[in-house]
Structures are given as C-alpha cells and as structure tokens.
Amino acid sequence: MAKIKATGIILAGGQSSRMRKNKAFLPVGNLPIIERVLKELQEVCQELIIITNTPEEYQHLGVPVAVDLIPRKGPLSGVHAGLVFSKYYYNLVVACDMPFIHPKLATFLLTQTPGFDAVIPRIQGQPQPLFAVYSKACIKPIERRLHSEKRRTTDLYQEIKVLWVEEEVIRLIVDPEIVFCNVNTPQEWDRVNTRIKNE
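Here numbering that gives the first Met the number 0 is used: position 176 in the sequence shown is 175, and no number is missing along the way.
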C-alpha cells in the first residue's frame with residue numbers, strides 16, 4: 000500500500016501519575032506501546048514525529064522528536080507543536096498510549112480530508128481528538144485557544160471546519176472498542192495484555 004503524503008504525530012506526554020511510569024514504554028505483547036504505534040503509522044504516513052517534553056527518552060527510536068512550543072497547556076500544546084513541525088498539510092495525531100490503532104482506520108481518516116480542517120471520530124457521541132486528523136489550517140485557531148482560558152479540544156471545534164466520523168461508519172472498518180482503547184491505569188494495562196494473549 001502506498002503511503003499517504005501526511006505526517007503521523009505521536010503525542011508522548013511522559014510520566015503518568017496513575018501508572019507511576021512512562022506509559023509509552025509499557026510492554027504490550029512483545030513491544031512497548033509507542034513502538035506498536037510507530038509500526039502501524041509507518042505503514043500509512045510518509046513522515047513521523049514524536050512530540051514530548053522529555054525528548055531524551057525517545058531518541059533511540061530513530062524518529063524525529065520535537066517539544067511543545069507553548070508548553071504546559073495540555074494535549075493541544077502537543078497537537079500545535081506537531082502541526083508546526085510537520086512537513087505535510089494533513090496530519091494524523093495519535094496518543095502514545097493507544098496500543099491497537101489500525102492502519103485501515105488511519106488511512107480512511109486521511110482520505111476524508113478535502114474541504115475540512117479536521118477529521119475527528121466520534122464514539123458514543125464523544126469526540127476522539129487523539130486519533131484524528133488535523134490540517135495546518137488549525138495552527139492559528141489552536142494558538143488562540145492556548146493563549147486563552149478555553150483550551151479544551153471542544154472549544155477548538157467551534158473555530159474550525161470539522162468532519163465528524165460517526166461510530167456506525169467506524170464499525171464498518173474496525174472495532175472501536177479495541178482501536179480507541181488506551182492505557183491509563185494498571186488495570187487497563189492488564190486488560191490489554193490479556194487481550195493480546197487471547198488473540
């Protein structure tokens with residue numbers, strides 16, 4: 000499959016208070032989560048970037064690493080930095096704690112971009128901003144959000160043209176319960192590894 004002219008941006012926040020360690024490097028099966036994410040995105044995107052405020056932890060992965068330009072403002076800081084540093088107009092943003100992202104869904108989201116600033120899945124009515132596509136047209140609106148008190152992704156959506164990809168569409172491609180699963184607690188990590196063993 001030919002790669003898409005797009006950048007895969009992996010948001011890697013660092014130490015997790017609930018996990019007491021860096022979630023990106025938790026092993027799932029025989030690979031750390033972030034290496035699973037990179038492996039899937041490499042099939043789809045022509046460029047990859049990791050956004051983190053602890054770049055020294057990620058240098059060994061052989062992928063360009065950048066830091067937040069407007070730090071300590073939450074996930075939108077990472078999205079913003081990724082969009083600024085990326086080579087391509089369209090960018091697939093993924094959190095580093097999602098071990099089951101799927102290239103079929105990544106490809107689908109990236110092919111829905113014409114005419115929109117962002118392509119964002121919605122599961123059970125809830126936006127999924129950290130497995131979504133953002134264009135460089137979002138840079139200025141995100142900067143406005145980061146310099147205001149309204150820094151949630153839901154505040155951003157009022158300023159940009161969003162294509163919502165609803166759950167019933169996603170279910171035709173992948174199982175959303177699996178693909179949008181992330182690891183925030185030791186219990187979730189256990190469940191993810193149990194799923195791998197049972198596959």
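From the three backbone atoms N, C-alpha and C, an ideal C-beta is built for every residue, glycine too.
Considering residue i, what are the terminal residues of the alpha helix (DSSP H) in which it resides?
i	result
Thr152	Thr152 to Tyr156
Leu68	Here Leu68 belongs to no alpha helix (DSSP H), and DSSP marks it neither H nor E.
Gly77	Pro74 to Phe84
Measure the alpha-carbon distance for residue i versus residue j and round it to whole angstroms.
i	j	result
Ile33	Phe107	21 Å
Gly73	Arg150	8 Å
Val66	Leu10	10 Å
Ile169	Pro175	7 Å
Glu187	Lys20	14 Å
Tyr89	Asp154	21 Å
Can you tell which of the options has the C-alpha that lies nearest to the C-alpha of residue i?
i	options	result
Ala94	Leu75, Leu68 and Asp189	Leu75
Gly124	Asp189, Thr184, Glu167 and Asp96	Glu167
Gln157	Arg170, Val164, Arg143 and Glu165	Arg143
Arg121	Pro26, Phe179, Val43 and Ile9	Phe179
Ile159	Cys137, Ser147 and Gln41	Cys137
Phe99	Arg35, Asn29 and Lys139	Arg35
Arg194	Asn21, Leu145 and Val27	Val27
Ile177	Tyr87, Met97 and Leu30	Met97
Val191	Asn21, Leu60, Leu171 and Pro31	Pro31
At which residues does the beta strand (DSSP E) containing residue i begin and terminate?
i	result
Arg121	Ala117 to Ile122
Gln45	Cys44 to Ile50
In chain order, what residues of the same chain have a beta carbon less than 8 Å from the beta carbon of residue i, not counting five sequence neighbours either side?
i	result
Val173	His101, Lys103 and Leu104
Gln111	Val118, Val132, Leu162 and Val164
Which whole-angstrom value describes the C-beta separation of residue i and residue j, a residue pair presumed to lie in contact below a C-beta threshold of 8 Å?
i	j	result
Leu91	Val132	5 Å
Glu39	Thr6	Rounded, the Cβ-Cβ distance is 15 Å, inconsistent with contact.
Pro63	Asn52	Not quite, the Cβ-Cβ distance comes to about 15 Å (not below 8 Å), so this is no contact.
Ala23	Ile50	At roughly 11 Å, the Cβ-Cβ gap does not stay under 8 Å, so Ala23 and Ile50 are not in contact.
What residues in its chain sit with their C-beta under 7 Å from that of residue i, if we drop five residues either side in the sequence?
i	result
Cys44	Lys2, Ile3, Ala5, Thr6, Gly7 and Leu91
Tyr57	Ala11, Ile49, Thr51 and Val64
Leu145	Ile69, Lys72, Leu75, Ser76 and His79
Tell me which same chain residues have a C-beta within less than 6 Å of the C-beta of residue i, skipping the five on either side of it?
i	result
Thr152	Pro128
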